[in-house]
Amino acid sequence: MSRPTHRAIARAPHVITLPKIERDPDVLQSFLSDAAHVPGGTADGVVFPGNVDEVAVIVATATHILPVGAQSSLTGGATPRGDVVLSTRRLSHIGEPEEGAVRVGAGVPLSELHQFLAARDLFYPPAPTFDGAFVGGTIATNAAGAATFKYGVTRNWLKGLTVVLADGSILDVKRGDVRASEEGLFEIETIGRGLVPVRVPTYEVPTHLPKLSAGYFAMPALDLVDLFCGSEGTLGIIVEATLAVKRRPLRCVALVSCESEEQAVKLAAALRNHSRFGHGTLDVAAIEYIDSKSLQLLDDATFARAGIGRPAPSATVLLVQMEIEHKFDTTLEEFQDVLRVHRIENDPVVALPDDERTAARLFELRESVPAAVNARVGAAKMRVHPDIQKVAGDFIVPSSSIEQALALYRDAFECRGLQYAIWGHISDGNLHPNLIPRSLDDVEKGRDALREMARGVIALGGAPLAEHGVGRNPLKQMFLRELYGEEGIEEMRAVKRALDPEGKFAAGVLFPP
Ligand SMILES: Cc1cc2nc3c(=O)[nH]c(=O)nc-3n(C[C@H](O)[C@H](O)[C@H](O)COP(=O)(O)OP(=O)(O)OC[C@H]3O[C@@H](n4cnc5c(N)ncnc54)[C@H](O)[C@@H]3O)c2cc1C
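Taken in order, the sequence shown gives residues -19 to 493; the numbers are from the working numbering.
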């Protein structure tokens, strides 16, 4: 094996054909917004390159480009602001898996990748809850999901990338091949701009947290792959990736109704302790948390489909994913024991590994929560004021501080007289406090509450940017500044200037252009 170097050599495209830039308003219309539903998106065109050469040519000739995948961003990062939108949807190739890895086009939805891999008894674990997200988008945001607890984030599964740089050079980079020098420098030999030095930022990334999507990753001897992972489209366009995969596990899903938030938080902590990462043998992959206020937003039919009655007003639900070795594995008895010790009265609804139908219904209940909140935000926007927007946090704290963090979120909303719901990935300490706005004034107060929560979360050793990224959301950009300071932002800007001196890619994402 060759020793890593800090120098990477890019290549030129083989074939120079400029793909058509679509300017039909009806086609453009469907690209003007992402899942954050920030109003006012405008695009100068949309282009659908079908291979890396076409991406390189369009990048070399364009002035402002926004790469997008499924536009499921919750930060406005995939909402164009006059850019040409580069849709990756035609970059949809999936190669045959080899030696525990699969080569995939950036435009492959994770749901398709999962199906493809399942047919080969394989599995790609670090999926966000929304599995319609594209491979390129999940790498660009270093997405994480429920099962981060067991499997880590996208970065941990990324073995290589093909990226198109701002001058249209194509960079193929394998993990382990290119690492920053002792002085913290990469040198990239480009086609159009000669040798480009890129200095790795010196801020300290809070790597003790299980997930983080907060601007450019940095560490001594940084791998070049990791600079692009989480860069939210600002440094280059991810065209293909090599992803590690593993044998598909036997997964059980259990819906546990707890009588109170306190009981749910204690049970989640006990399950973490009984997991293989604690002192036990339970192979816990994920624990999702849905608070009583979230449950109250759901209709009776949603509970009926999940196989439970409407919970009592104070009830809180955990959705636990566990893996077993074989169908006669007895570790589930340990799970029952933990429930008994914590005095869980109702039997959990359990989907065993071959019962995908029940598992889907349980996940549907989880997914109904953000959908119900979004519906309320949409209704308030229609009926009360068009400027009403979603106001939501994506906070992470060390698992020992979850109780304090929940109290912080609740107090910040309640002392301002706001309505809210809280849910998320409690196994990682990553919860999403969401405002339920009734007026424009609520939106302002909600943002103020989030600012207070962000400061509190940082004080607890956590971070206000766990998995959704920063995007073009001014509040999240402020959180990024609070996390790394103005100096850190200036170091990020220097990386951006080195790789994209004309500010071609995703202008205004991470920091103002
Ligand atoms: C219901 C719901 C649940 C969600 N749950 C989770 C969750 O559990 N965990 C989580 O991490 N996220 C979650 N998200 C957020 C979102 O799904 C993720 O951020 C996802 O990774 C975005 O993928 P995408 O393909 O939709 O990217 P987009 O939204 O299209 O783009 C996101 C960002 O990446 C950039 N980008 C996209 N493709 C490329 C590319 N090929 N090259 C370079 N840059 C690119 C864009 O410019 C943009 O800045 C959720 C969203 C929704 C709506």
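Ideal Cβ positions, reconstructed from N, Cα and C, are used throughout, including at glycine.
### Query
Gly14: beta carbon under 7 Å from a heavy atom of ligand 1?
Position 34 of the sequence shown, counted from the first residue, corresponds to residue 14. Before going on, a small fix: residue 14 reads as Asp here, not Gly. Yes.
### CA-to-CA distance, Val(-5) to Val475, given in whole angstroms
Position 495 of the sequence shown, counted from the first residue, corresponds to residue 475. Position 15 of the sequence shown, counted from the first residue, corresponds to residue -5. Going from the Cα of Val475 to the Cα of Val(-5) covers about 29 Å.
### Query
Does the Cβ of Leu46 lie closer than 7 Å to at least one heavy atom of ligand 1?
Here residue 46 refers to the residue found at position 66 of the sequence shown. Within the cutoff, so yes.
### Task
Determine the DSSP secondary structure at Met302, reduced to helix, strand or coil.
As a position in the sequence shown, residue 302 is number 322, starting the count at 1. Correct three-state label for Met302: strand.
### Task
Excluding the 5 residues preceding and the 5 following Ala331 in the sequence, name in chain order all residues of the same chain whose CB lies nearer than 7 Å to its CB.
Along the sequence shown, one-based indexing puts residue 331 at 351. Around Ala331: Cys232, Val233, Thr338, Ala339, Leu342.
### Task
With DSSP collapsed to three states, give me the class of Thr182.
Within the sequence shown, residue 182 is the residue found at index 202, counting from 1. The answer is coil: DSSP assigns Thr182 none of H, G, I, E or B.
### Task
Could you spell out the range, first to last residue, of the alpha helix (DSSP H) harbouring Leu141?
On the sequence shown, residue 141 is found 161 positions in, with the first residue counted as 1. Counting along the chain, Leu141 falls outside any alpha helix (DSSP H), though it belongs to the beta strand (DSSP E) covering 138 to 144.
### Three-state class that DSSP yields for Pro190 in the structure shown
Position 210 of the sequence shown, counted from the first residue, corresponds to residue 190. Looking at Pro190 - three-state DSSP - the assignment turns out to be coil, as it is neither helix nor strand.
### Query
If we count Cβ pairs, one from each stretch, closer than 8 Å, do we get three or more for the region 421 to 428 versus the region 373 to 380?
no
### Query
Counting pairs of Cβ atoms below 8 Å between the region 308 to 324 and the region 388 to 395, do you hit three or more?
no
### Query
Is Ala446 helix, strand or coil by DSSP?
Within the sequence shown, the letter at position 466 stands for residue 446. Note: Ala446 maps to coil in three-state DSSP.
### Message
Which same chain residues end up closer than 6 Å to Cys209 when comparing Cβ atoms and leaving out the 5 residues on each side of it in sequence?
### Response
As a first step, residue 209 must be located in the sequence shown, where it is residue number 229. These residues qualify, in order along the chain: Ile119, Asn122, Arg135, Leu138.
#### Entry: Span of the beta strand (DSSP E) around Asn31
As a position in the sequence shown, residue 31 is number 51, starting the count at 1. No beta strand (DSSP E) contains Asn31, which DSSP labels as neither H nor E.
### Message
Does Gly20 pass the burial test, meaning 16 or more other C-beta atoms within 10 Å, or should it be called exposed?
### Response
To locate residue 20, count along the sequence shown from 1; it is residue 40. Gly20 comes out exposed.
### Message
Classify Met472: buried if its beta carbon has 16 or more other beta carbons within 10 angstroms, exposed otherwise.
### Response
Taking the sequence shown and counting its residues from 1, the one referred to as residue 472 is at position 492. With 16 or more other Cβ atoms within 10 Å, it is buried.
### Check whether Ile288 and Val329 have beta carbons under 8 Å apart
Mapped onto the sequence shown, residue 288 falls at position 308. Mapped onto the sequence shown, residue 329 falls at position 349. For Ile288 and Val329, yes; Cβs fall inside 8 Å.
### Query
How many angstroms separate the CA atom of Glu78 from the CA atom of Asp101?
On the sequence shown, residue 78 is found 98 positions in, with the first residue counted as 1. On the sequence shown, residue 101 is found 121 positions in, with the first residue counted as 1. C-alpha separation (whole angstroms): 13 Å.
### Query
Do Leu251 and Val300 have their CB atoms nearer than 8 Å?
In the sequence shown, residue 251 corresponds to position 271, counting from 1. In the sequence shown, residue 300 corresponds to position 320, counting from 1. For Leu251 and Val300, yes; Cβs fall inside 8 Å.
### Query
Buried or exposed: where does Asp280 fall if 16 or more other Cβ atoms within 10 Å of its Cβ makes it buried?
Start at 1 with the first residue of the sequence shown, and residue 280 comes out as number 300. When all chains shown are included, Asp280 counts as exposed.
### Query
Does the Cβ of Gln399 lie closer than 7 Å to at least one heavy atom of ligand 1?
To locate residue 399, count along the sequence shown from 1; it is residue 419. Gln399: no, Cβ never under 7 Å from ligand 1.
### Cβ separation of Ala443 and Val437, assumed to be a contact under 8 Å, to the nearest whole Å
For the purposes of this step, residue 443 is taken as residue 463 along the sequence shown, with counting starting at 1. For the purposes of this step, residue 437 is taken as residue 457 along the sequence shown, with counting starting at 1. Going by Cβ atoms, the distance from Ala443 to Val437 rounds to 7 Å, so yes, they are a contact pair.
### Message
Let me check understanding here. Comparing Cα to Cα, which of Ala126, Lys307, Glu163, Leu275 lies closest to Met199?
### Response
Stepping through the sequence shown from its first residue, residue 199 is reached at position 219. Of Ala126, Lys307, Glu163, Leu275, the residue nearest in Cα terms is Glu163.
### Task
Give a single yes or no on whether His17 has its beta carbon closer than 7 Å to a heavy atom of ligand 1.
Numbered from its first residue, the sequence shown carries residue 17 at position 37. Checking every heavy atom of ligand 1 against the Cβ of His17, none is found closer than 7 Å.
### Message
On the criterion of 16 or more Cβ atoms from any shown chain inside 10 Å, does Gly195 qualify as buried, or is it exposed?
### Response
Residue numbering aside, residue 195 sits at position 215 when the sequence shown is read from its first letter. Answer is buried; the Cβ neighbour count reaches 16.
### Task
Tell me whether the beta-carbon of His306 lies closer than 8 Å to the beta-carbon of Leu247.
As a working mapping, residue 306 is identified with position 326 in the sequence shown. As a working mapping, residue 247 is identified with position 267 in the sequence shown. No. Outside cutoff.
### Query
At a cut-off of 7 Å, is Gly488 close to ligand 1 when judged by its beta-carbon and the heavy atoms of the ligand?
Looking up residue 488 in the sequence shown gives position 508. No, the Cβ of Gly488 stays beyond 7 Å of every heavy atom of ligand 1.
### Task
Return the chain-ordered list of same chain residues with a C-beta closer than 7 Å to the C-beta of Ser211, the five sequence neighbours on each side being excluded.
Against the sequence shown, residue 211 aligns to sequence position 231. Ala120, Tyr196.
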